[in-house]
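A short worksheet on the structure shown next.
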DNA sequence: CTGAAAGCGCTTACAG
DNA sequence: CTGAAAGCGCTTACAG
């Protein structure tokens, strides 16, 4: 039915092995023969059967993408789609297919991953999250299955190729930026320190404060379960913050809402900066200053290094740092005199 | 290296054909033999080689997901990830793999799709968008490749299995809802009528107004390129709208910003309702009343009917309507007396 | 530079 | 109910 290597061989008057070598552009075949065979391939719209290729050469040309447990909340974070878009871009360039793996529990995820590797469905995996004691990662490691992590791996760090931002530096940079705007009391809100990415950003934040001789007080750090009451206490401190760093653009909107309910408006009463530079950052009012972490490139590079590893298992383990940059918008501004006055009074 | 059917056959003392029949749970094999073979499969952690199966039975157990042209803006709309999540759920249940197909241009997309089908990489496709004169859809149709559309197909409608909401009814319902809250002048903002989904919603909006004897004036409809100036004119009409319908949650935030800059705050000065019920709807201040179109189910059902079609080509063409429901939140409220007064004055 | 043949790991008529 | 054999469409030593 479909066009096969035999049809081409017959029409080009060569053996199937020759056609196969032309497919692979083997240097052993003369240019004249190649041209003749290619003409026939084009004429018939031939495309090598994928399953047959995989079976014969034991490569699937396919990578698995492991999503975190499918909690709707996390899933709707555009981070994942954007990183998949980056992966997709590279995969398409290299003619690889992607298989997305999701599951409700760790056990289910592990089962699916085992099935896929044993059935030879994929050559390797990209893990879109990072957590400690992950049975899936243990499995990859023990079975020597190629995998790449987006973010900082919690296990086998030095043996694992991963793509990440310098989150420590990003936290430091954005804090520095606020300090240069004249802010002295800067709070960090929405710090989910159980996740490495946030732990690192907070570490950078602390260091920037210390470098500038400012005091890094734990009461200025609220974790991601912060409530309006927490914010209220924060803003009733003798030295209330005049700038806030929030861990993720997705938290900026609810945060802004709480602030406005407490009577603080952006950016006059308080500057706000965030991370990730999702599209929502531009849509907020005022538009949100945010650290662009180039999610697309995180995905692209993760796919690139995974595929390199698949094609050449001797490829070195790599740690790739994707640069970030602060995108300045109206939610942050120089500390105003008014703030000083208020502080003076309180 | 990996466990094959031969290993199992040898250990269970049967022919490989018998093992194959056990894999398929063929009724021809005695339960005793099945049990013996299965024990060995479990003991060795056997999983049938996927490429070999595909090659032998010409099924890939894999579906392609076609994304619209990868404009970042569209891509970051959580709609796509959420529908992929629905597809993923069903695919995993049925042990199918998904391959996401993206491209920058229609030609590139068509090339990739052709490659994938000729190479037998997938059994069928889900198209996540719908537009007129789509070469990709033409190709599927002409080559008789199974495909399913999320949304309303623009071509071959009656021959195409698709999964959609009743967008006409949704538009009508939400308008009706506002009418019941006492609103008489209701505008529709962000109507991208080049897309069927929005055309239908606007049609429902018009009909609801007419059914209630209210006037459906075109000046109350702004397309998706609306500016603050357009809104300004709208609100300076003799009978200014007291309620707004916006085409997509993603537009609600910029819309709200413009409104507040014009001096109108939600929901006192104006009620606002929207479509899709993305997570952002809850995060807005005030939280946004939105029509939940159950995106997850759109994806799930699209995958379900595609796979049914793949497994049994005689399966009928189906049009599946996923129910919607209005999720009421604080952005909409009964028209206040104040509005009436204002109208009286102007 | 090219071809004949074996093999990848399954499935499926066919025979018994 | 089970097995021996051919075949799916490729790749790759081996031989020339």
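Residue numbers (the UniProt record's numbering), protein chains in the order written: chain P, 1 to 346; chain L, 1 to 346. Note that CB positions come from ideal geometry on N, CA and C, so glycine has one too. In this text, all values refer to a predicted model and were calculated from it rather than measured experimentally.
Which same chain residues, not among the five before or five after residue 258 of chain L, have their C-beta less than 6 Å away from its C-beta? Reading the second chain from its first residue, position 258 is the one you call residue 258 of chain L. When the five nearest sequence neighbours on each side are left out, the beta carbons in the same chain lying within less than 6 Å of the beta carbon of residue 258 of chain L are those of 228, 231, in order along the chain.
Using only CA atoms, which one of L/21, L/294, L/110 lies nearest to residue 134 of chain L? The count along the second chain starts at 1 and reaches residue 134 of chain L at position 134. Of the candidates L/21, L/294, L/110, the one whose C-alpha sits nearest the C-alpha of residue 134 of chain L is L/110.
DSSP three-state assignment for residue 3 of chain L, whether helix, strand or coil: Here residue 3 of chain L is taken as the residue at index 3 of the second chain, counted from 1. In the three-state DSSP reduction, residue 3 of chain L falls in the coil class, being neither helix nor strand.
Below 8 Å on the Cβ atoms is my contact criterion, and I expect residue 91 of chain L with residue 66 of chain L to pass it. Report the Cβ-Cβ distance as a whole number of Å. Taking the second chain and counting its residues from 1, one reaches residue 91 of chain L at position 91. Taking the second chain and counting its residues from 1, one reaches residue 66 of chain L at position 66. So it is not a contact: roughly 15 Å between Cβ atoms.
Determine the DSSP secondary structure at residue 165 of chain P, reduced to helix, strand or coil. For the purposes of this step, residue 165 of chain P is taken as the residue at position 165 of the first chain. Correct three-state label for residue 165 of chain P: strand.
Can you look up residue 122 of chain P in the DSSP assignment and give me helix, strand or coil? On the first chain, position 122 is the one that residue 122 of chain P refers to. In this structure, residue 122 of chain P counts as coil in the three-state DSSP scheme.
For residue 275 of chain P, which beta-bridge partners are listed by DSSP? Translated into positions along the first chain, residue 275 of chain P becomes position 275. When beta bridges are read from the DSSP output, residue 275 of chain P appears opposite P/291.
Using DSSP with H/G/I as helix, E/B as strand and the rest coil, what is residue 38 of chain L? Taking the first residue of the second chain as position 1, residue 38 of chain L is located at position 38. Residue 38 of chain L: helix per DSSP, three-state reduction.
Considering only DSSP beta bridges, list what residue 187 of chain P is partnered with. Mapped onto the first chain, residue 187 of chain P falls at position 187. Partner residues in the beta bridge of residue 187 of chain P, as assigned by DSSP, are P/244.
What are the complete beta strand (DSSP E) segments, minimum 3 residues, inside the segment 54-96 of chain P? Secondary structure remark: continuous beta strand (DSSP E) runs of at least 3 residues inside the segment 54-96 of chain P, in chain order: 62-66.
Where residue 353 of chain P and residue 215 of chain L are concerned, what is the direct C-alpha to C-alpha distance, given to the nearest angstrom? With chain P represented from 1 up to 346, any question about residue 353 of chain P goes unanswered, as that position is not in the structure.
Note down, in chain order, every chain L residue with its Cβ under 7 Å from the Cβ of residue 23 of chain P. Counting from 1 along the first chain, the entry for residue 23 of chain P is found at position 23. The contacting residues do not exist; residue 23 of chain P stays about 11 Å from chain L at best.
Can you have a look at residue 142 of chain P and say buried or exposed, based on whether 16 or more other CB atoms are within 10 angstroms of its CB? Counted from its first residue, the first chain places residue 142 of chain P at position 142. For residue 142 of chain P, the number of other beta carbons within 10 angstroms of its own is below 16, and it is reported as exposed.
Just to confirm the assignment, what range does the beta strand (DSSP E) spanning residue 147 of chain L have? Within the second chain, the letter at position 147 stands for residue 147 of chain L. Its beta strand (DSSP E) spans residues 147-150.
Can you have a look at residue 302 of chain L and say buried or exposed, based on whether 16 or more other CB atoms are within 10 angstroms of its CB? For the purposes of this step, residue 302 of chain L is taken as the residue at position 302 of the second chain. Label assigned to residue 302 of chain L: buried.
Nearest to residue 68 of chain L by alpha carbon, out of L/252, L/127, L/237, L/251? One-based indexing of the second chain puts residue 68 of chain L at position 68. Per the Cα distances, L/127.
Rounded C-beta distance between residue 174 of chain L and residue 191 of chain L? I'm assuming under 8 Å. Along the second chain, read from residue 1 onward, the residue named residue 174 of chain L stands at position 174. Along the second chain, read from residue 1 onward, the residue named residue 191 of chain L stands at position 191. In fact, because the Cβ distance is near 13 Å, the residues do not count as touching under 8 Å.
Candidates P/21, P/322, P/57, P/43: closest to residue 169 of chain P by CA position: Taking the first residue of the first chain as 1, we reach residue 169 of chain P at position 169. Scanning P/21, P/322, P/57, P/43 for the CA closest to the CA of residue 169 of chain P turns up P/322.
Beta-carbon spacing of residue 347 of chain L, residue 130 of chain L below 8 Å: Coverage of chain L is limited to positions 1 through 346, which leaves residue 347 of chain L absent and any answer about it impossible.
Length-filtered (3 minimum) beta strand (DSSP E) runs lying within the segment 205-251 of chain P: Listed in chain order, they are 243-246.
Any beta carbon of chain P sitting closer than 8 Å to that of residue 2 of chain L? Start at 1 with the first residue of the second chain, and residue 2 of chain L comes out as number 2. Residue 2 of chain L counts as touching chain P.
Measuring alpha carbon to alpha carbon, tell me which of P/284, P/234, P/167, P/121 ends up nearest residue 291 of chain P. Here residue 291 of chain P is taken as the residue at index 291 of the first chain, counted from 1. Measuring C-alpha to C-alpha distances from residue 291 of chain P to each of P/284, P/234, P/167, P/121 identifies P/167 as the nearest.
Going by DSSP in three states, residue 330 of chain L sits in which element: helix, strand or coil? Taking the second chain and counting its residues from 1, one reaches residue 330 of chain L at position 330. Looking at residue 330 of chain L - three-state DSSP - the assignment turns out to be coil, as it is neither helix nor strand.
Helix, strand or coil for residue 321 of chain P, going by three-state DSSP, please let me know. As a working mapping, residue 321 of chain P is identified with position 321 in the first chain. In the structure shown, residue 321 of chain P sits in a strand (DSSP, three-state: E or B).
Where do the ends of the alpha helix (DSSP H) carrying residue 13 of chain P lie? Working through the first chain from its first residue, we reach residue 13 of chain P at position 13. Element bounds for residue 13 of chain P: n/a, residue is neither H nor E.
Determine whether the Cβ of residue 17 of chain P lies closer than 8 Å to any Cβ atom of chain L. What you label residue 17 of chain P is simply residue 17 of the first chain in a count that begins at 1. For residue 17 of chain P, the answer is no, since every Cβ of chain L falls outside 8 Å of its Cβ.
Measure the C-alpha to C-alpha separation of residue 107 of chain P and residue 115 of chain P and round it to an integer number of angstroms. Your numbering for residue 107 of chain P matches position 107 in the first chain. Your numbering for residue 115 of chain P matches position 115 in the first chain. For residue 107 of chain P and residue 115 of chain P, the distance between alpha carbons rounds to 12 Å.
Beta-carbon contacts of residue 19 of chain L that lie in its chain and below 6 Å, excluding the five residues immediately before and after: Along the second chain, one-based indexing puts residue 19 of chain L at 19. Excluding sequence neighbours, residue 19 of chain L sits near 5, 8, 9, 37.
Given a threshold of 16 other Cβ atoms within 10 Å of its Cβ, counted over all protein chains shown, does residue 334 of chain P qualify as buried or as exposed? Taking the first residue of the first chain as position 1, residue 334 of chain P is located at position 334. Taking all protein chains in view, the Cβ of residue 334 of chain P is surrounded by fewer than 16 other Cβ atoms within 10 Å, so the residue is classified as exposed.
What are the residues in the segment 114-131 of chain L lying within 9 Å of chain P by C-beta distance? Within the segment 114-131 of chain L, contact with chain P at the beta-carbon level (separation under 9 Å) is assigned to 114, 115, 116, 117, 118, 119, 120, 121, 122.
C-beta neighbour in chain L for residue 241 of chain P, strict 8 Å: In the first chain, counting from the first residue as 1, residue 241 of chain P sits at position 241. No, its Cβ sits nowhere closer than 8 Å to a Cβ of chain L.
Less than 8 Å separating the beta-carbons of residue 146 of chain P and residue 185 of chain P? Here residue 146 of chain P refers to the residue found at position 146 when the first chain is read from its first residue. Here residue 185 of chain P refers to the residue found at position 185 when the first chain is read from its first residue. For the pair residue 146 of chain P and residue 185 of chain P, the CB atoms are not nearer than the 8 Å cut-off.
Grab the span of the alpha helix (DSSP H) containing residue 143 of chain L for me, first residue to last. The residue you call residue 143 of chain L lines up with position 143 of the second chain. Run containing residue 143 of chain L: 135-143, per the alpha helix (DSSP H) assignment.
What would DSSP say about residue 100 of chain P, mapped onto helix, strand or coil? The count along the first chain starts at 1 and reaches residue 100 of chain P at position 100. It is a strand residue.
Just to confirm, is the Cβ distance from residue 281 of chain P to residue 288 of chain P under 8 Å? Counted from its first residue, the first chain places residue 281 of chain P at position 281. Counted from its first residue, the first chain places residue 288 of chain P at position 288. Contact flag set, yes.
Are the C-beta of residue 40 of chain P and some C-beta of chain L separated by less than 8 Å? Along the first chain, read from residue 1 onward, the residue named residue 40 of chain P stands at position 40. False, the Cβ-Cβ gap to chain L never drops below 8 Å.
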